[in-house]
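Undergrad: I have a structure here, written as structure tokens, and I will follow up with some questions on it.
In the numbering used here, the protein residues as written are 154 to 311.
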């Protein structure tokens with residue numbers, strides 16, 4: 154059975170402790186690692202790599218509806234439904250950041266969403282990403298984040 158999404162260290166509902174990503178990476182780097190055994194042993198550590206399912210999980214977790222995602226993204230309803238059902242496969246990084254800020258996702262939820270989408274996670278050594286990370290952590294809206302990005306001379310989320 155696959156775990157819910159997110160990079161948490163423990164599952165507070167079941168009391169299960171998850172391994173850190175660095176620990177899983179170290180296991181795989183062992184030249185004698187058996188990938189089949191890895192999948193069997195660490196199945197509960199693996200994430201479902203489907204952006205639509207992940208977004209639906211986050212909506213449910215935050216008590217939100219699909220219409221909230223549509224409003225937060227500023228995109229047409231059909232685009233958002235395609236994103237949620239998996240037929241829209243290549244959303245832009247800024248589109249996902251707009252959704253994350255609009256729906257007040259956590260930094261960890263946002264980073265996981267970007268990774269699942271095959272996009273670069275926010276990197277605190279890049280000025281624009283540092284502003285976005287800080288604004289996410291502070292629970293700011295997309296509009297507040299864009300104001301702060303502009304004040305710092307960085308490109309706004311489009």
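We put the CB at the ideal spot given by N, CA and C, even for glycine.
#1: If you compare alpha carbons, which of 286, 272, 271 is closest to residue 278?
#2: Measuring CB to CB, does residue 196 end up less than 8 Å from residue 177?
#3: With a threshold of 8 Å on Cβ separation, who are the neighbours of residue 208 within its own chain once the five nearest residues in sequence on each side are excluded?
#4: By a C-beta neighbour count over all protein chains shown, 10 Å radius and 16 as the cutoff for buried, is residue 263 buried or exposed?
#5: My output table needs one value for residue 183: the three-state DSSP class, helix, strand or coil.
#6: Could you check which residue in 271, 254, 281, 276 has the C-alpha nearest to that of residue 297?
#7: I'd like the span of the alpha helix (DSSP H) that includes residue 260, first residue to last.
#8: Could you tell me whether the stretch 269-284 touches the stretch 297-310, where touching means 3 or more Cβ pairs closer than 8 Å?
#9: Check the C-beta distance from residue 211 over to residue 269 and give it rounded, since I have them as a contact under 8 Å.
#10: What separation, rounded to the nearest whole angstrom, lies between the Cα atoms of residue 171 and residue 244?
#11: Of all the options 259, 192, 229, which has the alpha carbon lying nearest to the alpha carbon of residue 215?
#12: Could you tell me if residue 288 is buried or exposed, where buried requires 16 or more neighbouring beta carbons within 10 angstroms of its beta carbon?
#13: Start and end of the alpha helix (DSSP H) containing residue 238?
#14: Rounded to a whole number of angstroms, what is the C-alpha to C-alpha distance between residue 227 and residue 249?
#15: Does the distance from the C-beta atom of residue 246 to that of residue 217 stay below 8 Å?
#16: Give the C-beta separation of residue 257 and residue 292 to the nearest angstrom, bearing in mind that I take them to be a contact with Cβ-Cβ under 8 Å.
TA: The short version:
#1: 286
#2: no
#3: Counting only residues of its own chain and dropping the five nearest sequence neighbours on each side, residue 208 has a CB closer than 8 Å to the CB of 222, 236, 237, 252, 266.
#4: buried
#5: coil
#6: 254
#7: From DSSP, the alpha helix (DSSP H) with residue 260 extends over 260-269.
#8: yes
#9: With a Cβ gap of about 11 Å, residue 211 and residue 269 do not count as contacting.
#10: 29 Å
#11: 259
#12: buried
#13: 230-238
#14: 11 Å
#15: A distance of 8 Å or more separates the beta carbons of residue 246 and residue 217.
#16: 6 Å
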